[in-house]
Ligand SMILES: NC(=O)c1ccc[n+]([C@@H]2O[C@H](COP(=O)([O-])OP(=O)(O)OC[C@H]3O[C@@H](n4cnc5c(N)ncnc54)[C@H](OP(=O)(O)O)[C@@H]3O)[C@@H](O)[C@H]2O)c1
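Residue numbers (the numbering used here): 1 to 292.
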């Protein structure tokens with residue numbers, strides 16, 4: 001039997017630390033854009049014990065849940081010049097909105113404010129130019145499993161970020177899953193191609209596995225059920241197991257058996273590895289193009 005004990009212990013320790021950091025926070029957190037990703041982050045912060053009264057949300061189309069939170073003290077859509085200096089500003093609008101939305105945040109920025117952007121393709125240089133000089137910034141790339149607290153976010157700071165600010169950003173980002181810090185922003189395009197876009201590749205795997213099952217003679221609904229449960233269960237096993245994916249794969253492959261027959265096809269020189277190289281390279285290229 002495999003166990004995920006060491007991962008689970010590490011995760012709960014960092015969750016406790018994040019909860020302490022957010023629970024003790026007295027400054028204001030401004031969230032700009034509470035859509036899919038911003039909304040998931042807000043849910044995570046509140047679940048970790050952040051006091052909703054310290055949160056300002058700027059969102060043109062608030063959900064019913066957000067409006068209900070506003071009734072309990074969260075500040076929804078105040079004029080930005082009434083907010084005062086924020087401890088942190090988290091920008092979660094679409095990248096196309098950035099040229100208008102980012103400079104508008106200047107009234108909430110003070111010497112101690114940390115700005116976190118999760119906008120795909122918007123570089124630290126773009127943010128430095130769109131905000132008042134010397135702003136402390138973190139560019140981050142989350143992914144959609146954030147919606148269930150199982151995302152992974154990669155973060156890169158600019159030179160102005162203090163250790164305290166980094167700790168606050170770690171707490172804010174870890175509310176939706178794991179956080180990895182990198183020093184080289186140039187890696188963000190490949191990060192986007194692997195973990196940012198990656199959930200779509202896994203969903204595609206569930207789709208094509210179901211289609212292949214139907215082509216092999218299974219009723220469509222059974223094929224879909226089998227593929228979905230297989231991808232989800234294998235993902236969970238990978239999450240909980242201390243073993244690496246290659247070992248888990250070898251553990252279900254008997255020499256000369258059925259899995260080996262399929263893997264001979266998938267691991268051929270023109271198989272899944274070659275296809276994934278091409279796919280990730282295409283996404284990396286596109287991320288570079290979009291960043292300009
Ligand atoms: N979803 C992902 O998997 C993922 C992964 C990595 C990074 N990201 C990044 O996360 C950001 C948000 O993505 P998302 O999927 O959460 O998008 P989304 O669901 O469209 O959320 C963006 C929200 O911002 C609101 N908004 C628009 N203009 C605004 C303004 N001027 N001020 C404040 N809020 C404004 C939008 O309202 P309206 O609907 O009224 O326009 C929407 O509710 C994007 O930059 C994306 O690149 C997303």
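Beta carbons are placed, not taken as given, at the ideal position from N, Cα and C, and that holds for glycine. Here the structure is a predicted model, which means the values were calculated and not measured.
- Look at residue 222 here: in three-state DSSP terms it is helix.
- The region 145-155 and the region 174-182 touch, with no fewer than 3 CB-CB distances between them shorter than 8 Å.
- Within the same chain, Cβ atoms closer than 7 Å to the Cβ of residue 44 are found at 149, 175, 176, the five residues on either side in sequence being excluded.
- Linking residue 15 to residue 48 through their CA atoms gives a straight-line distance of about 8 Å.
- Spatial neighbours of residue 252 in its own chain (CB-CB distance under 7 Å, excluding positions within 5 residues in sequence) are listed in chain order as 259.
- Between residue 27 and residue 92, the CB-CB gap reaches or exceeds 8 Å.
- Between the C-alpha atoms of residue 117 and residue 223 there is a straight-line separation of about 40 Å.
- By alpha-carbon distance to residue 35, the top candidate from 65, 110, 18, 54 is 65.
- In this structure, residue 97 has its CB closer than 7 Å to one or more heavy atoms of ligand 1.
- Taking residue 19 as the centre and dropping the five residues before and after it, the same chain places the C-beta of 48, 49 closer than 7 Å to its C-beta, in chain order.
- Nearest Cα to residue 100 within the set 245, 204, 131: 131.
- For a cut-off of 8 Å, the C-beta gap from residue 95 to residue 120 is around 6 Å, short enough to register as a contact.
- The three-state secondary structure of residue 157, taken from DSSP, is strand.
- Excluding five sequence positions before and after residue 136, the CB atoms of its chain that fall closer than 6 Å to its own CB belong to 114, 160, 161, 165, given in chain order.
- A heavy atom of ligand 1 is found nearer than 7 Å to the CB of residue 32.
- Given a length threshold of 4 residues, each whole run of the alpha helix (DSSP H) inside the region 72-122 is given here in chain order: 98-101.
- Distances taken from the Cβ of residue 107 to the heavy atoms of ligand 1 include none shorter than 7 Å.
- Contact annotation: residue 206 and residue 228 have beta-carbon atoms nearer than 8 Å.
- Segment contact: the region 181-189 against the region 262-269, fewer than three CB-CB distances shorter than 8 Å; contact not assigned.
- Rounded to the nearest whole angstrom, the C-alpha separation of residue 84 and residue 56 is 11 Å.
- Residue environment for residue 171: buried (at least 16 other C-beta atoms within 10 angstroms of its C-beta).
- Checking the DSSP bridge columns, you'll see residue 30 partnered with 56, 89.
- Ligand 1 approaches residue 143 closely enough that one of its heavy atoms is under 7 Å from the residue's Cβ.
- Cβ atoms of residue 76 and residue 60 stay farther apart than 8 Å, at about 11 Å.
- Looking at the backbone, the Cα of residue 202 and that of residue 81 are separated by about 44 Å.
- Residue 192 sits in a helix when the DSSP states are folded into three classes.
- Contact between residue 142 and residue 37 holds: their C-beta atoms lie close to 6 Å from each other, under 8 Å.
- One Cα belongs to residue 71, the other to residue 21, and the distance between them is close to 25 Å.
- Not one heavy atom of ligand 1 is found less than 7 Å from the C-beta of residue 225.
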